[in-house]
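K.L.:
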Amino acid sequence: MDDRRNAREVRAWEIARSFGEDIVPLFTVRGCADAEYIRDVARTKRLLERWSMDNVFRSLLYANPQSACDAYGIDIDPQNVRTLWHEREAQQRKQDRIDGRPVPEDSLSVRRYRSFIVEKLAFRDWMRDVQTGVTGRFGLWRLQQMHRCTLELGPAKSAGLVHATVAFELQKGCSVGCWFCGVGAEKLSAYFAYTPENQALWRDMLSVCHEVIGDSVFNGFCYWASDPLDNPDYVHFITDFRRAFGRYPQTTTAIPLRNEAKTREILEMVKACPGEIQRFSILSLKMLDEVHSRFTPEDLINVELLPLNRESGVPKANAGRARLKSPRDQAKTSDEQPQTIACVSGFLFNMVDRSVRMVTPCHASDRWPNGYRVLAEGHFGNADELRNLLVKWIARAEHVVAPDRTIALNPCLVATMVAETGYDISSIWVKRTLINFPAFATLDRLLHNGFHTAADIATLVEDETGTALEETFNVLNELLRLGALDTEPVASEPVVQYVGKIKAADSV
Ligand code: SF4
Numbered sequence: 004m005d006d007r008r009n010a011r012e013v014r015a016w017e018i019a020r021s022f023g024e025d026i027v028p029l030f031t032v033r034g035c036a037d038a039e040y041i042r043d044v045a046r047t048k049r050l051l052e053r054w055s056m057d058n059v060f061r062s063l064l065y066a067n068p069q070s071a072c073d074a075y076g077i078d079i080d081p082q083n084v085r086t087l088w089h090e091r092e093a094q095q096r097k098q099d100r101i102d103g104r105p106v107p108e109d110s111l112s113v114r115r116y117r118s119f120i121v122e123k124l125a126f127r128d129w130m131r132d133v134q135t136g137v138t139g140r141f142g143l144w145r146l147q148q149m150h151r152c153t154l155e156l157g158p159a160k161s162a163g164l165v166h167a168t169v170a171f172e173l174q175k176g177c178s179v180g181c182w183f184c185g186v187g188a189e190k191l192s193a194y195f196a197y198t199p200e201n202q203a204l205w206r207d208m209l210s211v212c213h214e215v216i217g218d219s220v221f222n223g224f225c226y227w228a229s230d231p232l233d234n235p236d237y238v239h240f241i242t243d244f245r246r247a248f249g250r251y252p253q254t255t256t257a258i259p260l261r262n263e264a265k266t267r268e269i270l271e272m273v274k275a276c277p278g279e280i281q282r283f284s285i286l287s288l289k290m291l292d293e294v295h296s297r298f299t300p301e302d303l304i305n306v307e308l309l310p311l312n313r314e315s316g317v318p319k320a321n322a323g324r325a326r327l328k329s330p331r332d333q334a335k336t337s338d339e340q341p342q343t344i345a346c347v348s349g350f351l352f353n354m355v356d357r358s359v360r361m362v363t364p365c366h367a368s369d370r371w372p373n374g375y376r377v378l379a380e381g382h383f384g385n386a387d388e389l390r391n392l393l394v395k396w397i398a399r400a401e402h403v404v405a406p407d408r409t410i411a412l413n414p415c416l417v418a419t420m421v422a423e424t425g426y427d428i429s430s431i432w433v434k435r436t437l438i439n440f441p442a443f444a445t446l447d448r449l450l451h452n453g454f455h456t457a458a459d460i461a462t463l464v465e466d467e468t469g470t471a472l473e474e475t476f477n478v479l480n481e482l483l484r485l486g487a488l489d490t491e492p493v494a495s496e497p498v499v500q501y502v503g504k505i506k507a508a509d510s511v
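Per the numbering used here, residue 4 is the first one in the sequence shown, and the count goes up by one each step.
#1: Determine, using beta carbons only, whether A325 and G185 come nearer to each other than 9 angstroms.
#2: Drop a sphere of 10 angstroms on the beta-carbon of P158, count the other beta-carbons inside from all chains shown, and report buried for 16 or more, exposed for fewer.
#3: Which one or two residues does DSSP pair with K319 in a beta bridge?
#4: Excluding the five sequence neighbours on either side, which residues of its own chain have a C-beta within less than 8 angstroms of the C-beta of E467, listed in chain order?
#5: Let me confirm a value: E214 is counted as buried when at least 16 other C-beta atoms fall within 10 Å, else exposed. Which label applies?
#6: Go ahead and pull the three-state DSSP assignment for F183.
#7: What does the alpha-carbon distance come out to for the pair W88 and D102?
#8: Thinking F30 and N305 are a contact (beta carbons under 8 angstroms), I'd like their distance in whole angstroms, please.
#9: Express the C-alpha separation of G249 and F221 in angstroms, rounding to a whole number.
#10: Taking the beta strand (DSSP E) that P81 belongs to, which residues open and close that run?
#11: Name, in chain order, the residues that DSSP records as bridge partners for Y194.
#12: Taking its Cβ as the centre, do 16 or more other Cβ atoms sit within 10 Å of E268, making it buried, or is it exposed?
#13: Using a Cβ-Cβ cut-off of 7 angstroms (strictly less than) and excluding sequence neighbours within five positions of V478, which residues of its own chain qualify?
#14: Tell me which same chain residues have a C-beta within less than 6 angstroms of the C-beta of D407, skipping the five on either side of it?
#15: Contact check, L260 vs V238 under 8 angstroms by CB: the rounded distance?
#16: Decide if M420 is buried, meaning its Cβ has at least 16 other Cβ atoms within 10 Å, or exposed.
#17: What I want to know is whether the C-beta of F183 ends up closer than 8 angstroms to one or more non-hydrogen atoms of the ligand SF4.
#18: Could you pull the start and end residues of the beta strand (DSSP E) that P310 belongs to?
#19: Given 8 angstroms as the limit, tell me if Y375 has its C-beta closer than that to any heavy atom belonging to the ligand SF4.
#20: So, for H150: in the same chain, excluding its five sequence neighbours on each side, which residues have a beta-carbon less than 7 angstroms away from its beta-carbon?
#21: Considering Cα atoms alone, identify which of E307, P310, A334 and N413 is closest to P318.
#22: How many Å lie between I410 and N452 at the Cα?
#23: Threshold first: 3 residues or longer. Then list the beta strand (DSSP E) segments lying entirely within the region 344-405, N to C.
#24: Give the C-beta separation of E475 and V493 to the nearest angstrom, bearing in mind that I take them to be a contact with Cβ-Cβ under 8 angstroms.
#25: How long is the line joining the alpha carbons of A471 and V404, rounded to whole angstroms?
#26: Quick check: what's the CA-CA separation for L124 versus N312?
#27: When every heavy atom of the ligand COA is checked, does at least one fall within less than 8 angstroms of the C-beta of L29?
#28: Using a Cβ distance threshold of 8 angstroms, determine whether the region 8-22 contacts the region 64-83, with at least three qualifying pairs required.
#29: Taking 8 angstroms as the cut-off, does the region 61-75 touch the region 156-170 (at least 3 CB pairs, one atom from each stretch)?
#30: Alpha carbon to alpha carbon, how far is R114 from D25? Give it in angstroms, no decimals.
#31: What is the DSSP secondary structure of A418, counted as helix, strand or coil?
#32: With a CB to CB cut of under 6 angstroms and the five nearest residues on each side skipped, what residues in its chain are close to L412?
#33: Using the beta-carbon count (16 or more within 10 Å), is A386 buried or exposed?
#34: Using alpha carbons as the reference points, say which of N480, F183 and S315 lies closest to I344.
#35: Given D99, which residues of its chain have a CB within under 7 angstroms of its CB, disregarding the five upstream and five downstream residues?
#36: Within 10 angstroms of the Cβ of S519, are there 16 or more other Cβ atoms? Answer buried if so, exposed if not.
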């Protein structure tokens, strides 16, 4: 963990200096920025939070910037950061840069803010690209899911999925009941209390996860179709998590104000680990007002406010409960857009019923309404039983093509083409090109048949073109690695996903 932190700090300095000699790390490295610097970035962040979630403020800001900020108590000169919120001007600058026209230098405040954002993006990439501990069969399987998601959901969406290896629900259900809940949370019915017996199971489980999955478990978190703050003992669980994995799990909550003292306690605890993001889901303008009035900009410098209120105009993923019903004035993603909020390629635990599922993100569909595939599920009574399940599932995780496996292309592929340069496979988002194989034309035909086993394909390719069997297997393995083969579990073994009862209006 120390080596990884050091690497992050080096990267944070590189990022800062790419914005100017007067820019320093703010997010990753503690103590580089003075109070004025922090204040500047925190107030810029607050302006942009209001701008992104409040359509009335947006209009006022365009009409009379300073009056708008004064009216909302945002202590900032908005003209100083104009290129961050004035979309037309920002677009013009971008175009000028592309066209080689002179562009005025960004203000100090803008450069500070942009550096801060890039540092946070580097954190996200660090969480996603973690290699340590994600080696061997499980690591190859996870990498395959990342590539598959890029084909199916597009690079932009895919880059935002951290593919966490573990997520622990400490409750059964969620008390909030958002109409758009993308993972179909059911109504809160029970929570996992931090009793001596549960504490022992929890700590043993964390050890087993670390032992079987590896260091990558540090990118896990303690919620899913649940709100972490529904559990009154949450602080104890994340304290154990930190002891086991070296960091606190990210907290994302839609109820930060329900017990403000508890929320503040958590924000204070996580300060011990610099370079961590917490998140508040903002469900309504009223909630934004409350959050902004109770927490200073500096309190929330490392807390992202997720714009889930209607006025933000951000469409909800058509997944989970949002697939069933939605208020008429709420925007949802269309079928062409990525429809998932799931971000785990690994194991999803519910501590109340002691269940575990092996999951990976996908487009929400009638079969997978919650936007993730369930590849295996089981229950455990103790840590040994859990170890046995995880070991068994990881041993089954497909990382190379078995000879008797039926081979078909991933249905998300819209075109394949044998060109002089190689073999192109394309989804609506990206194209991949395979090279160095003499029989792409034959292979392409057999792949489109969709019913041959790998062994049959290799044999037929050899018969037609004289290509060695192992060369064909190498290409099939590469297609599997790129997520280009159909790996959806067969439909004869459906796993039912529960989508919680609908609440027809905003819950707050
Ligand atoms: S989206 Fe809403 S209902 Fe779903 S888990 Fe989060 S807070 Fe609960």
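Think of the CB as a built atom: it goes at the ideal place given N, C-alpha and C, for glycine as much as any other residue.
P.N.:
Let me lay it out:
#1: yes
#2: exposed
#3: K335
#4: A442 and T445
#5: exposed
#6: coil
#7: 22 angstroms
#8: 7 angstroms
#9: 7 angstroms
#10: No beta strand (DSSP E) holds P81; DSSP gives it neither H nor E.
#11: Q174
#12: exposed
#13: L437, F440 and L446
#14: T456
#15: Not really, about 17 angstroms apart at Cβ, beyond 8 angstroms.
#16: exposed
#17: yes
#18: V306 to P310
#19: no
#20: R484, L485 and G486
#21: A334
#22: 9 angstroms
#23: 347-353, 358-364 and 375-382
#24: Sequence inspection shows Thr at residue 475; the Glu mentioned does not correspond to that position. Not confirmed; about 24 angstroms, so no contact.
#25: 16 angstroms
#26: 23 angstroms
#27: By its list of ligands, the structure shown excludes the ligand COA, since it contains just the ligand SF4.
#28: no
#29: no
#30: 9 angstroms
#31: strand
#32: L450
#33: buried
#34: F183
#35: V106
#36: Lying outside 4 to 511, the shown extent of the chain, residue 519 is not represented and no answer is given.
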